[in-house]
Every structure is written in structure tokens, then in C-alpha cells.
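*Asks:* In the UniProt record's numbering, the protein residues as written are 1 to 270.
Glycine is no exception: its CB is placed at the ideal position from the N, C-alpha and C atoms.
Mind looking over this structure? Questions follow.
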Amino acid sequence: MKIILVSILVFVGFSSIKAQSLRTLIEQERPVIFSHRVALEPDWVENSLYSLEKSGEMGFMFHEIDVVESKDGVLYVLHDKTLDRTTSSTGAVKELASAYLDGVLLNGLEERLPRLEDFLAICQEKGFYLMLDVKEASLEKVMAKVKEFDMLERVVLLTFGKERSAEALELGERFLLSVLITEEEDFDYFLCKTEQPYYLAAYINKDGPIDLFEKARSLGLPTITDVLGAIDARAQNEGIAVYTEFLHKRKPSILVSDYPLQIKQVMSND
């Protein structure tokens, strides 16, 4: 009977998480941890369906991905502008047609270069959440595809320039939008640009002033940052206390790392 009860509780808990919007989830005290390019460890194949499925088997549901667009307007999940580093082929994605790209294999896997719709289908089915870093692709096209899979409430769209942020705001859809904050004046700028501040999130560089994180909280804005690069490297050399210190000082709503499982461990021990 106890086993059955535990199973029911786990199922109900998972279902309730699946039903929540990302904006609701980040209202909790603890940060939501996102993987970087779907890799739970740096040696995983980035931006791959294999890594997405494998992370799901490990109970990890939050992933940052990168989106690019082909010559004929098809959306793919890939970080670089070219195929050279991570695939069996070469060339700029925007100069290649989907008929060719669909045959390109990811390095280290017998997996074809995934389309965005392939990712969205799995995420929609399994209740995953996505952080979208859209490279040289139409935001309107990307978010239309997200809407097609009923995923608007389970994504956050990253923007790193005012023109790109304006493009996103003009779409008129309700989804969590990350805008880059580098100084206090940026808060006023973006809050004046939207009638729905509830859906704004402040992306503050990990090296940015602590005051910016505090200002965002005072305005009721969730914050996003990352520990990619030097901080992740320090944690590998000095121990996970590096993450603890970072989190306590900044208290972000969302954090991106190349070692998300280690940060989850920090949070479970805190």
C-alpha cells in the first residue's frame, strides 16, 4: 500500500509541475536551474534529442537551447552559425536548404540535426521547459512554432539587444521575455515598453552589480543569470561552495550552468 501511495504522490506531483507556467514556477524562493544547450555535463552532445531524452530519464526538465534558420526558413536547434564545430558537415546554416540540413549528422551521435519542432514535440509531451536563444532567425516564426505546440507558457525567450526585445514585444503573445539589464536606467526603459510587466524577466550578467539584482526584486521582476565559464570552472576546482556563495549573493530566479546537477545538489543541501 505504501508503494502504491508513493507512486500516486510522485505522479500527482509531476503532473502538477507539468501544468504550471514557467512564470509561476519562478515565483518560488529557490532558483530554477537550466542546463546549457541541453547538456547536464560538458561531455554530453549539445543541443541533441539524445541529451534531451537522457536528461528526462534523470528527472531534469529545464533546458536552454539555440535556434537557427535555414535558407528556406526551417528552424533548427544549433548553437553556431555554421555546421563546422558540432556536425559532420560544414557551411553557414542560413545559406543551406532544409533538404540538405535534414541529412546532416551531429558529431558523436547517429542523430540528424534536429529541427525545433522535434524538440518542441518531446517537450510538450513530457512537460519540459525551454529557454530559447534565437540566433539569426525570425522571432515571429520561432514563437509561432512554440504556440503551435502549446508551449508559450513553458518557455522563456532571451533577447540581448533593445531592437530584438522590441521585436519580441510587438508579437503580442504572452510568454516570459528576458531583457538584458546592464544599468538601472534599463528597468525604466523596458517597463515603459510593455503593458504586461509580469512577463518581463531581467537578464543580469553574472559579473553585474549586486544592486541590479536587488533592484529587480524590488520591482517584482524575476532575474536570470548564468555561471558559465569562469564560475563553473572555479566550482570544479574549488568545490560546490562556489555555487552556494554565488546564489546567496544574487538570489536569481533562473540560473544556467554547464553543471546543473551539481547546483541542484547545492540547493538540496542548503
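What is the rounded straight-line gap between the Cα of V256 and the Cα of E53?
*Replies:* Counting from 1 along the sequence shown, the entry for residue 256 is found at position 256. Counting from 1 along the sequence shown, the entry for residue 53 is found at position 53. Each residue's Cα considered, the two are about 19 Å apart.
*Asks:* Once DSSP output is grouped into helix, strand and coil, what is the label at S268?
*Replies:* Translated into the one-based positions of the sequence shown, residue 268 becomes position 268. Three-state DSSP puts S268 in a helix.
*Asks:* Going along the chain, which unbroken runs of the alpha helix (DSSP H) with 4 or more residues stay wholly within the segment 240-267?
*Replies:* Counting only runs of 4 or more, we get 241-250.
*Asks:* By DSSP, does T24 sit in helix, in strand, or in coil?
*Replies:* Locating residue 24 in the sequence shown gives position 24, where the first residue counts as 1. Three-state DSSP puts T24 in a helix.
*Asks:* Is M143 helix, strand or coil by DSSP?
*Replies:* Along the sequence shown, read from residue 1 onward, the residue named residue 143 stands at position 143. It is helical.
*Asks:* At the level of alpha carbons, what is the spacing between S15 and D150?
*Replies:* The sequence position of residue 15 within the sequence shown is 15, counting from 1. The sequence position of residue 150 within the sequence shown is 150, counting from 1. Residue confidence is low: S15 scores 39 on pLDDT, short of 50, so the model does not pin down where it sits. No coordinate-derived value is stated.
*Asks:* Is DSSP giving R115 helix, strand or coil here?
*Replies:* The sequence position of residue 115 within the sequence shown is 115, counting from 1. If DSSP states are grouped into helix, strand and coil, R115 belongs with the strands.
*Asks:* Our contact map puts L228 next to L200 with C-beta atoms below 8 Å; I'd like the distance itself, whole angstroms only.
*Replies:* Along the sequence shown, one-based indexing puts residue 228 at 228. Along the sequence shown, one-based indexing puts residue 200 at 200. In fact, because the Cβ distance is near 22 Å, the residues do not count as touching under 8 Å.
*Asks:* Count the other CB atoms, across all protein chains shown, that sit within 10 Å of the CB of I210; report buried if there are 16 or more and exposed otherwise.
*Replies:* What you label residue 210 is simply residue 210 of the sequence shown in a count that begins at 1. Counting Cβ neighbours within 10 Å, I210 comes out exposed, since fewer than 16 surround it.
*Asks:* Along the chain, where does the alpha helix (DSSP H) containing F160 start, and where does it finish?
*Replies:* One-based indexing of the sequence shown puts residue 160 at position 160. Per DSSP, F160 belongs to no alpha helix (DSSP H) and is neither H nor E.
*Asks:* May I have the straight-line CA-CA distance separating R23 from L49, to the nearest angstrom?
*Replies:* Here the question's residue 23 lines up with position 23 in the sequence shown. Here the question's residue 49 lines up with position 49 in the sequence shown. So the two alpha carbons sit approximately 25 Å from each other.
*Asks:* According to DSSP, what are the bridge partners of I224?
*Replies:* For the purposes of this step, residue 224 is identified with residue 224 of the sequence shown, where counting begins at 1. In DSSP, I224 forms a bridge with Y203, I254.
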